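The structure appears below as structure tokens.
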Ligand SMILES: Nc1ncnc2c1ncn2[C@@H]1O[C@H](COP(=O)(O)OP(=O)(O)O)[C@@H](O)[C@H]1O
Ligand SMILES: [Mg+2]
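Residue numbers (our numbering): 1 to 240.
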């Protein structure tokens, strides 16, 4: 497997949103500086700690209020289009992502910008579906698929355009054990750089590097086993 190498840089990135009719600001992320070069990175932390906001910074879904975020040299605030063509984003709930009636149509839709010819697009969609073992499900209504099948379909649609980086926001939260294992294997086999947030500590332990987010700050950055321990002790400390 040929690994795709990337440099994702956050330099003093903060995200603040106006609250109370703009009279006050709430800081969602404070002064984050990171170089994300590892192939497998997991972000863990409590609900509301800032994980999704951090992931959304990586493809420009959220722009930093101050500081910069760059992906392979492209600034997410200035070159959003270039950034999004390099960074695929998978949401927790595949139904918020799959917009077409069937998986096949969704994969073809994803390819619309990169492949002009309809015949070539259909062939490319077919290859992607085949690669993920999804051909038998390709023409079923997405509502008739199981949660795991839907998640894989959403993943296939995102990967069909071959992004260099894959960002997934809590991808296993809605999955049962079997589908979670299927997702883990699928992720393990990807050549893309993968950055994901998760409450699934086993999935976090699959990473090379773990970031622990707490109240909008990175409170740990390093070895996965240590990161998970750090998260457990934060959690213990917050219990009544
Ligand atoms: N657009 C927004 N406006 C106001 N508050 C927000 C917005 N987006 C997120 N938040 C708040 O920011 C905090 C961090 O959210 P989020 O990044 O979604 O955390 P996590 O993914 O770790 O649960 C939460 O308190 C959330 O309610
Ligand atoms: Mg979240």
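Idealized CB from N, CA, C, for every residue including glycine.
From a predicted model like this one, the values you see are computed outputs, not experimental measurements.
Inset, instruction - Please find out if some non-hydrogen atom of ligand 2 comes closer than 8 Å to the beta-carbon of residue 82. - result: Exclusion of residue 82 from the 8 Å shell around ligand 2 follows from its C-beta lying no nearer than that to any non-hydrogen atom of the ligand.
Inset, instruction - Could you pull out every unbroken alpha helix (DSSP H) segment of at least 4 residues lying fully inside the region 93-149, listed in chain order? - result: Whole alpha helix (DSSP H) segments, 4+ residues: 103-110 and 118-131.
Inset, instruction - Could you check the C-alpha separation between residue 206 and residue 11 for me, to the nearest Å? - result: Taking the straight line joining both Cα atoms gives about 26 Å.
Inset, instruction - Indicate whether the contact test is met: 3 or more Cβ pairs, each with one atom in the region 128-139 and one in the region 151-162, closer than 8 Å. - result: Yes: at least three Cβ pairs fall under 8 Å.
Inset, instruction - Along the beta strand (DSSP E) that carries residue 193, what are the first and last residues, could you check? - result: Looking at the DSSP string, the run of the beta strand (DSSP E) that includes residue 193 is 193-197.
Inset, instruction - Give the range of the alpha helix (DSSP H) segment to which residue 58 is assigned. - result: Taken as a continuous stretch (DSSP letters only), the alpha helix (DSSP H) holding residue 58 covers 51-58.
Legend entry - Cα-Cα separation between residue 120 and residue 111, rounded to whole angstroms: The alpha-carbon atoms of residue 120 and residue 111 are separated by roughly 10 Å.
Legend entry - Touching by the beta-carbon criterion (3+ pairs, under 8 Å), the region 137-147 and the region 173-189: Contact between the region 137-147 and the region 173-189 is present, because at least three Cβ pairs lie under 8 Å.
Legend entry - Buried or exposed (CB count within 10 angstroms, at least 16 for buried), residue 125: Buried: at least 16 other Cβ atoms inside 10 Å.
Inset, instruction - Give the range of the beta strand (DSSP E) segment to which residue 40 is assigned. - result: From DSSP, the beta strand (DSSP E) with residue 40 extends over 40-44.
Legend entry - residue 183 to residue 26 span [Cα, whole Å]: About 35 Å.
Inset, instruction - Compute the beta-carbon to beta-carbon distance between residue 167 and residue 59, rounded to the nearest angstrom, for a pair I have assumed lies under 8 Å. - result: Contact between residue 167 and residue 59 holds, with the beta-carbon distance rounding to 6 Å and staying under 8 Å.
Inset, instruction - Using only alpha-carbon positions, find the residue among 235, 8 and 201 that is nearest to residue 225. - result: Nearest neighbour of residue 225 by Cα position, chosen from 235, 8 and 201, turns out to be 201.
Inset, instruction - Please find out if some non-hydrogen atom of ligand 2 comes closer than 8 Å to the beta-carbon of residue 26. - result: With a cutoff of 8 Å, residue 26 does not count as near ligand 2, since its C-beta is closer than that to no heavy atom of the ligand.
Inset, instruction - Assign residue 35 to one of two classes, buried (16 or more other C-beta atoms within 10 Å of its C-beta) or exposed (fewer than that). - result: Under this definition residue 35 is an exposed residue.
Legend entry - Sub-9 Å separation of residue 6 and residue 71 beta-carbons: Yes.
Legend entry - residue 169 beta carbon near ligand 2 (any heavy atom closer than 8 Å): The answer is yes for residue 169.
Legend entry - Proximal residues to residue 77 (C-beta, below 8 Å), its chain only, five neighbours per side dropped: Correct list, in chain order: 60, 63, 64, 68 and 69.
Legend entry - residue 236, enclosing alpha helix (DSSP H) - first and last residue: First-last of the alpha helix (DSSP H) with residue 236: 224-238.
Inset, instruction - For residue 230, decide whether its Cβ has a neighbour in chain C, counting only Cβ atoms nearer than 9 Å. - result: Included in the structure is just one protein chain, with no chain C present.
Inset, instruction - Identify the continuous alpha helix (DSSP H) that holds residue 202 and give its terminal residues. - result: Residues 201-205.
Legend entry - Rounded distance between the beta-carbons of residue 41 and residue 195, thought under 8 Å: Going by Cβ atoms, the distance from residue 195 to residue 41 rounds to 5 Å, so yes, they are a contact pair.
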